Ligand SMILES: O=C(O)CCC(=O)C(=O)O
Ligand SMILES: [Fe+2]
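Numbering (the working numbering), first residue to last: 1228 to 1670.
So, in structure tokens, the structure goes:
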């Protein structure tokens, strides 16, 4: 049920613009609660309070809406507290430039060239610590700047297998990190989020919060913060890095969830059903958020259909590829079915701790994740402290469905079953699943 003011807005909009645009607008309104204009359509939204307060209320509400921000959709542009901040040149800026739509690009998957045992990479480390069975490995003793091409290939495979790999104390500069990732594919330029003020770093995505930017929980839900980066692109990113350059002593952790583990958790019947589905990934809400925040949308938003289960080209493992941040619906099934499916998948990926790893950053920590087989979400528990991070991300291949992968005679695999098989553990009797299964406990 829409609040009375929004009902009025909806009626007003309906007469003027097509229904799809109205839905987009209403979604944006719901996401950016109390915003007074839907900038995308240039439509004024009247609010009960504003109507009572004779026009001036609108100005007030506009100011209120500008203060309010969803850290995911509405990158802030406030330029304060610079002082002698060491990393001021990497604070976010929002250039008023326009870029052409992306076109399909050739990418070479480096993980397929790797030694499956990763001897060159692992022999250079002092410690390899797996953080959970499903996802996350911390490597000690390596310097990303020193890796050979062979070690980089092995790192790509390790990241593909473990979902995310963490390294600390990395002195690598952001320009060096961009070059490091260019090895894995053409770099992605984000259409709306901040880029560093320093010129020539348009391929960097800046994450920045400080005492002047208090994320307002009325602007977002924790579940919608879970996402896979720019999954709406035709070729969403692959091996991606985030480097924290300044952060709180505690708080500001990031969580990753494994799409492989989500896939493995389901019954064979449901897995098969998911493998037949495609979903719509949309950049529209993010672009609307940027416009409401007063920023230029540098590339027009796109909506792209991707398989709900994709196969990683290096591991051959199947991964559920949906995320609450950008996926709007499953194609070609009744809306109620789409809503129920997405609700299940979104809640499982964001709430099931068995699929997840949580990382506490220190300055110069770097997380390298495979954006094709994981989702992630930052915590926003550290206000008023400063947290500043820089991301470099290459385009991956166009997501490969199971049917497409197997067309060439290969067989896509369930990661969990493969791991058990390698450990000599007999496969579960899928026909009798649940009959003699160990029971959970909750004491
Ligand atoms: O701030 C974080 O920890 C994650 C931000 C994020 O989602 C990203 O940079 O892709
Ligand atoms: Fe992200």
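Where is the CB? At the ideal position from N, CA and C, for every residue including glycine. In this text, all values refer to a predicted model and were calculated from it rather than measured experimentally.
DSSP three-state call for residue 1383: helix, strand or coil?
Here the question's residue 1383 lines up with position 156 in the chain shown. Assignment of residue 1383 by DSSP, reduced to helix, strand and coil, places it in the helix class.
Would you report the Cα separation of residue 1557 and residue 1314, rounded to the nearest angstrom?
In the chain shown, residue 1557 corresponds to position 330, counting from 1. In the chain shown, residue 1314 corresponds to position 87, counting from 1. For residue 1557 and residue 1314, the distance between alpha carbons rounds to 42 Å.
Quick one, which of 1551, 1580, 1448 has its alpha-carbon nearest residue 1567's?
On the chain shown, residue 1567 is found 340 positions in, with the first residue counted as 1. When each option's Cα is compared against that of residue 1567, the closest is 1551.
Determine the direct distance from the alpha carbon of residue 1522 to that of residue 1310, and round the result to whole angstroms.
In the chain shown, counting from the first residue as 1, residue 1310 sits at position 83. In the chain shown, counting from the first residue as 1, residue 1522 sits at position 295. So the two alpha carbons sit approximately 24 Å from each other.
Taking 7 Å as the threshold (C-beta atoms), are residue 1422 and residue 1428 in contact?
Start at 1 with the first residue of the chain shown, and residue 1428 comes out as number 201. Start at 1 with the first residue of the chain shown, and residue 1422 comes out as number 195. Yes.
If you count every other CB in all the chains shown that lies within 10 Å of the CB of residue 1426, and 16 or more means buried, which is it?
Position 199 of the chain shown, counted from the first residue, corresponds to residue 1426. Burial call: exposed.
Given residue 1384, which residues of its chain have a CB within under 6 Å of its CB, disregarding the five upstream and five downstream residues?
Along the chain shown, one-based indexing puts residue 1384 at 157. The answer, listed in chain order, is 1338, 1341, 1541.
Within 6 Å: the Cβ of residue 1531 and any heavy atom of ligand 1?
What you label residue 1531 is simply residue 304 of the chain shown in a count that begins at 1. Checking every heavy atom of ligand 1 against the Cβ of residue 1531, none is found closer than 6 Å.
Quick one: residues in its chain with C-beta nearer than 6 Å to the C-beta of residue 1350, no 5 flanking neighbours on either side, listed in chain order?
As a working mapping, residue 1350 is identified with position 123 in the chain shown. Cβ within range, chain order: n/a, list empty.
List the endpoints of the continuous beta strand (DSSP E) containing residue 1597.
Translated into the one-based positions of the chain shown, residue 1597 becomes position 370. Taken as a continuous stretch (DSSP letters only), the beta strand (DSSP E) holding residue 1597 covers 1593–1597.
How long is the line joining the alpha carbons of residue 1416 and residue 1430, rounded to whole angstroms?
For the purposes of this step, residue 1416 is taken as the residue at position 189 of the chain shown. For the purposes of this step, residue 1430 is taken as the residue at position 203 of the chain shown. For residue 1416 and residue 1430, the distance between alpha carbons rounds to 5 Å.
Out of 1319, 1420, 1387, 1483, which one is the CA nearest neighbour of residue 1517?
Taking the chain shown and counting its residues from 1, the one referred to as residue 1517 is at position 290. Ranked by Cα distance from residue 1517, the options 1319, 1420, 1387, 1483 are led by 1420.
For residue 1473, report the span of its beta strand (DSSP E) as first-last.
Against the chain shown, residue 1473 aligns to sequence position 246. Its beta strand (DSSP E) spans residues 1466–1473.
What's the gap between the Cα of residue 1654 and the Cα of residue 1546?
As a first step, residue 1654 must be located in the chain shown, where it is residue number 427. As a first step, residue 1546 must be located in the chain shown, where it is residue number 319. C-alpha separation (whole angstroms): 19 Å.
Using only the alpha-carbon positions, how far apart do residue 1619 and residue 1596 sit?
Counting from one through the chain shown, the residue named residue 1619 turns up at place 392. Counting from one through the chain shown, the residue named residue 1596 turns up at place 369. Approximately 11 Å between the Cα atoms of the pair.
Between residue 1611 and the rest of its own chain, which residues show a CB-CB distance below 6 Å, the 5 nearest in sequence each way excluded?
Indexing the chain shown from 1 puts residue 1611 at position 384. Only 1438 meet the Cβ criterion.
Are the C-beta atoms of residue 1587 and some chain D residue less than 7 Å apart?
Looking for chain D here will not work: only one protein chain is present.
Tell me whether residue 1605 counts as near ligand 1, meaning its Cβ is closer than 6 Å to at least one heavy atom of that ligand.
As a position in the chain shown, residue 1605 is number 378, starting the count at 1. Checking the Cβ of residue 1605 against ligand 1 gives yes.
So is residue 1466 buried or exposed if we call it buried at 16+ other beta carbons inside 10 Å?
Looking up residue 1466 in the chain shown gives position 239. By the 16-neighbour rule on beta-carbons within 10 angstroms, residue 1466 is buried.
By Cβ distance below 7 Å, which residues in the same chain neighbour residue 1502 in space, the five residues on each side in sequence not counted?
Counted from its first residue, the chain shown places residue 1502 at position 275. Around residue 1502: 1536, 1629.
So is the beta-carbon of residue 1456 under 6 Å away from any non-hydrogen atom of ligand 2?
Indexing the chain shown from 1 puts residue 1456 at position 229. Checking the Cβ of residue 1456 against ligand 2 gives yes.
Let me confirm a value: residue 1472 is counted as buried when at least 16 other C-beta atoms fall within 10 Å, else exposed. Which label applies?
Position 245 of the chain shown holds residue 1472. Taking every protein chain shown into account, the CB of residue 1472 has 16 or more other CB atoms within 10 angstroms, so this residue is buried.
Just to confirm, are residue 1594 and residue 1391 a CB contact at a threshold of 7 Å?
Sequence index remark: in the chain shown, residue 1594 carries index 367 (1-based). Sequence index remark: in the chain shown, residue 1391 carries index 164 (1-based). At the C-beta level, residue 1594 and residue 1391 come within 7 Å of one another.
Which residues mark the beginning and the end of the alpha helix (DSSP H) in which residue 1564 is found?
The residue labelled residue 1564 in the question sits at position 337 within the chain shown. Counted as a single uninterrupted DSSP element, the alpha helix (DSSP H) harbouring residue 1564 occupies residues 1562–1578.
Can you list, in chain order, the stretches of the alpha helix (DSSP H) that have 4 or more residues and sit fully within the segment 1344–1418?
1346–1349, 1376–1389, 1401–1409
From the DSSP output, read off the bridge partner residues of residue 1433.
If you number the chain shown from 1, residue 1433 lands on position 206. 1617, per the DSSP bridge assignment.
Quick check on the burial criterion: 16 or more other C-beta atoms within 10 angstroms. Buried or exposed for residue 1375?
Walking along the chain shown from the start, residue 1375 turns up at place 148. By the neighbour-count rule (16 or more Cβ atoms within 10 Å), residue 1375 is not buried but exposed.
Go ahead and pull the three-state DSSP assignment for residue 1638.
In the chain shown, residue 1638 corresponds to position 411, counting from 1. Three-state result, residue 1638: coil.
Check each candidate in 1373, 1527, 1393 and name the one with the smallest Cα separation from residue 1330.
Start at 1 with the first residue of the chain shown, and residue 1330 comes out as number 103. Nearest of 1373, 1527, 1393 to residue 1330, Cα basis: 1527.
Using only the heavy atoms of ligand 1, determine whether one of them is closer than 6 Å to the beta carbon of residue 1434.
Indexing the chain shown from 1 puts residue 1434 at position 207. Yes, ligand 1 has a heavy atom inside 6 Å of this Cβ.
Could you pull the start and end residues of the alpha helix (DSSP H) that residue 1512 belongs to?
Residue numbering aside, residue 1512 sits at position 285 when the chain shown is read from its first letter. First-last of the alpha helix (DSSP H) with residue 1512: 1511–1519.
Can you tell me whether residue 1363 is buried or exposed, with buried defined as 16 or more other CB within 10 angstroms of its CB?
The residue labelled residue 1363 in the question sits at position 136 within the chain shown. Buried is the call here.
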